[in-house]
Amino acid sequence: MGSSPQVEDAIKTFAFGGFLTASTLIIGFNFKVFNNIFKENARQYWWLFLISAFIPIALVLSIFSYFFS
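First residue of the sequence shown: 1, per the UniProt record's numbering; consecutive thereafter.
Here it is in structure tokens:
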């Protein structure tokens with residue numbers, strides 16, 4: 001007995017909202033830690049921040065797409 005398409009759409013919508021929330025929290029946490037570690041050199045290593053923010057978001061997105069593909 002499968003769930004209806006409306007229920008599946010609602011679950012996907014809530015999961016996407018959770019993904020956006022988790023992404024925002026991950027970026028905010030990474031930014032705070034990044035600035036605490038590098039202090040005045042943080043602007044010089046902006047590319048490292050992008051990489052450190054991208055990897056967890058890509059991981060969450062891959063899990064999201066695995067479950068809802």
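We put the CB at the ideal spot given by N, CA and C, even for glycine. Only a predicted model underlies this, so the values are computations on that prediction, with no experimental measurement involved.
Extent of the continuous alpha helix (DSSP H) run through residue i
| i | result |
| --- | --- |
| SER69 | No alpha helix (DSSP H) holds SER69; DSSP gives it neither H nor E. |
| ALA15 | 5 to 38 |
Rounded Cβ spacing between residue i and residue j (contact assumed at less than 8 Å)
| i | j | result |
| --- | --- | --- |
| PHE19 | LEU61 | 7 Å |
Sequence-distant residues of the same chain with beta carbon closer than 6 Å to residue i, five excluded per side
| i | result |
| --- | --- |
| ALA22 | VAL60 |
Nonlocal neighbours in the same chain, by C-beta distance under 8 Å from residue i, ignoring five residues either side
| i | result |
| --- | --- |
| LYS12 | PHE68 |
| ALA42 | PHE34, ASN35 and PHE49 |
Cutoff 7 Å; reference residue i; Cβ partners in own chain excluding five residues on either side
| i | result |
| --- | --- |
| TYR45 | PHE38 |
| ALA15 | PHE64 and PHE68 |
Per the contact definition of three or more C-beta pairs closer than 8 Å, is the stretch 25 to 32 in contact with the stretch 47 to 58? yes
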